[in-house]
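Numbering (our numbering), first residue to last: 569 to 1259. Beta carbons: idealized from backbone N, C-alpha and C, even for Gly. This report concerns only the one structure given below.
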Amino acid sequence: MKRSVKQVANDQSIETLKGIGEKTAKLFEKVGIRTVDDLLHYYPKGYDTYGKPQAIGELSEGETGTVAGFLKTGATGVHINGLSIVQVTISDMTGKLRLVWYHMPYLKNTLRADSHFIFRGRVTRKKNGLTMEQPQMFQPEAYEGLLSSLRPVYAQTKGLGNKTITSAVEQALAIRTLERDYLPASLRIANELAEYNFAIEHIHFPADKEDLTFARKRLVYDEFFFFLLAVRRLKDKRQDVQSLFSVKKQDECRRLLNELPYKLTDAQMRTLEEVLKDLRSGSVMNRLIQGDVGSGKTIIAVLALLAVCENGYQGALMVPTEVLARQHFESVTELFEKHGVDKNVVLITGSMTAKEKRIAYGKIASHEADMIIGTHALIQEKVVYDNLALVITDEQHRFGVAQREMFGNKGQMPHVLVMSATPIPRTLAIILYGDLDISVIDELPANRLPIKNCVVDKSYRPRAYRFIENEVKNGRQAYVICPMVEESEMIEAENVLDYTKILREHLPGIRVEYLHGKMKGKEKNQIMEKFAAGEIQVLVSTTVIEVGVNVPNATVMMIENAERFGLAQLHQLRGRVGRGDRQSYCIMVNASGNKEKNRRLDVLNKSNDGFYIASEDLKLRGPGDIFGIRQSGDLEFRLADIYTDAVTLKKVSEDVNRLLDRDEDLEEEENQELKKRLDRFMEEKYEKLNL
């Protein structure tokens, strides 16, 4: 790639790129891109491959295909209801294919008799046979140059297509400032890693699959490397630190435990005892509770917080969404009132009015509040605690390492308890949560009915809609998950906006609403609260609902394009139902019709055990997955996947330990660039919190 003489600093606005004015910059900002550096790290979601032309009979319906066409006759053009249509038919020994273009009348002059082109596009079946609509056209020699190449496919938003993003990335690569490689040379050589600047360029525009694998390997290594360095930094800071908060009295906690209207499972009791023992020990607790969806982690958190409060300290529970924070606040308040527990619980969320926040801050600072429940607003600078002894974060990978450290800094080294329903195999959990001890809740409460699962193809949709309709008539609610927010020109998958319209047509008289991550926070909260209150019967959503809302009345989870998600993420989504005492169902639609994808989904069909599913996921995923859409949102990685890249994760863990345990640590001169980059990494994590 030719490099422009005039280079720009990578922290400059993307408006420094040609063709990107204020309007386009705002569209880029929607997907989190403000600077040249942001753009360089906006990795493709997948890659478009240019294969050899196929025989017409080999084309697969619903997929992108390529054919060579010799035109015996020229194209015809017609106008129907103001729509300009150009069409031509080509054939070979195996069949016929109709090619159609809309609003491109000038093509009639190009598509003449006896001309020869390569056509590439999505194949559909119409009444008059196989059809390719709006195909790309190439001269045979031009297409030859594209053979086997990979073209990036980026996540898009309305008004910002793949072509615009690709063009901007090409420019950014041409004028960027090259960075010094910060990884020690010994690590690069030992792990056969690409140079950093090479990796950034070739993750966007790889020459072939081998080139992509080489670039991706380096960037995945980096993501794991900085994450684990940050985890070790936390561990070293906290190791064997004596606690100022000894939680000796646990009588009220035990009393509430005995008065609960249900009996804790053996796994819950074992975990609770481990937590209470840590709180009594005199050392600062740093513990992770790993428990499958619905295994009953929240009651352990409430009992631990109560133990802290009865010793005269404060405790805080931080959850990922406002709706969940409100739900926890209401259920804990009700539980305490019912059982005569004299402790004050306060709620803190970002959408509270300035006056409400001021009152809550006052109660916290004066210790009128014993227990504080909220979102990341709990770690804003204005919140001042009085003897904060225990911090609990739910679904902590939604907060990350820096948030955990920031929350810890709110008190004088409080006890830390982290809860996660992400079913990570224990070997990987020990690495990822290296600063924490691990407790596992590996059984579900006896009153939970196992979810009934089915994997189906697209033809099952009408039956699924009737099933949802019947469940709603019986007073229940349903989720429908789509992988995309809106239609994309490159990725064929169901999207939330169009699907909502379809469901409203199929389910008259039923309130169907949508939810996605691009909506404003206030708007999202309103929709989730209305769904939780039963005002919305069917919620069409992206994976934004993977965590963060508890609706026991929801009994159906329908997942469109289930083949596009990782098994662990599908299990998380399925965990949104089956939370009450009614039978719940999960319908997974494999829209690809691919039998190999069905084999993966069959693991979920046969089991509701998250840890079994995670271990099977690890076995089933292979390096091939990296060429498709990034499937899971685990932890805080843009590119790395803890399942697909498990071998790399283990190797990075060894390298980080070796680097920090030797005398040649981060203070060594050759590692100063690395130390600077780690400091920057931690700062960026803090910045995301708006602190």
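Distances from the CA of residue 855 to each of 665, 984 and 1140 were compared; the closest alpha carbon is that of 984. Put simply, of 1180, 1086 and 1090 the residue whose alpha carbon is nearest the alpha carbon of residue 891 is 1090. Residue 1168 and residue 1158 have their C-alpha atoms roughly 10 angstroms apart. Straight through space, the alpha carbons of residue 1065 and residue 830 are spaced by roughly 42 angstroms. Residue 660 is bridged by DSSP to 663.
Taking the Cα positions, residue 748 is about 37 angstroms away from residue 1052.
The beta-carbon distance between residue 914 and residue 932, rounded to whole angstroms, is 6 angstroms. This is short enough to meet the 8 angstroms contact definition. With fewer than 16 other Cβ atoms inside 10 Å of its own Cβ, residue 1022 counts as exposed.
Under the criterion of beta carbons closer than 8 angstroms, residue 621 and residue 634 qualify as touching, at roughly 5 angstroms.
Selection 646, 686, 707 and 657 evaluated against residue 696 yields 657 as nearest (Cα-Cα). Taking the C-beta atoms as reference points, residue 996 is found no nearer than 8 angstroms to residue 1033. Take the alpha-carbon of residue 606 and the one of residue 1211: they are about 26 angstroms apart.
Going by C-alpha positions, residue 1071 is about 29 angstroms away from residue 888. Comparing alpha carbon positions, the residue from 884, 919, 841 and 871 closest to residue 907 is 871. The beta carbon of residue 579 sits closer than 8 angstroms to those of 603, 604 and 605, all from its chain and outside the five residues before and after it, given in chain order. With contact defined as three or more Cβ pairs closer than 8 angstroms, the stretch 587-603 and the stretch 719-727 are in contact. Counting only unbroken stretches of 3 or more residues, the beta strand (DSSP E) elements lying wholly within the stretch 1113-1172 are 1122-1127 and 1153-1157, in sequence order. Membership of residue 1048 in the beta strand (DSSP E) is indicated by the continuous run 1045-1049. Collapsing the DSSP output to three states places residue 1206 in coil. In this chain, residue 980 is not harboured by any alpha helix (DSSP H), its DSSP state being neither H nor E.
In the three-state DSSP reduction, residue 1006 falls in the strand class (E or B).
Residue 1103 and residue 1003 have their C-alpha atoms some 43 angstroms from each other. Only residues of its own chain outside the window of five on either side were considered, and among them 762 have a CB closer than 6 angstroms to the CB of residue 782, listed in chain order. Residue range 922-933 is occupied by the alpha helix (DSSP H) that includes residue 930.
Three or more Cβ pairs closer than 8 angstroms define a contact, and the stretch 858-868 meets that threshold against the stretch 1168-1184. Classified as buried, residue 1111 has 16 or more neighbouring CB atoms from the shown chains inside 10 Å of its CB. With the rule of 3 Cβ pairs closer than 8 angstroms, the stretch 928-942 does not count as touching the stretch 818-827. Note that the C-beta distance between residue 1127 and residue 1049 is below 8 angstroms. Under the DSSP definition of a beta bridge, residue 694 partners with 697.
In the structure shown, the three-state DSSP call for residue 988 is strand. Of the candidates 672, 671, 659 and 1213, the residue whose Cα lies closest to the Cα of residue 686 is 659. For residue 634, the enclosing beta strand (DSSP E) has its first and last residue at 632-638. For residue 1093, the enclosing alpha helix (DSSP H) covers residues 1089-1100. Secondary structure note for residue 858: its beta strand (DSSP E) is the uninterrupted segment 854-859. The C-beta distance from residue 700 to residue 665 rounds to 6 angstroms, short enough to fall under 8 angstroms. With a minimum length of 4 residues, the unbroken runs of alpha helix (DSSP H) contained wholly in the stretch 787-856 fall at 819-827 and 834-848.
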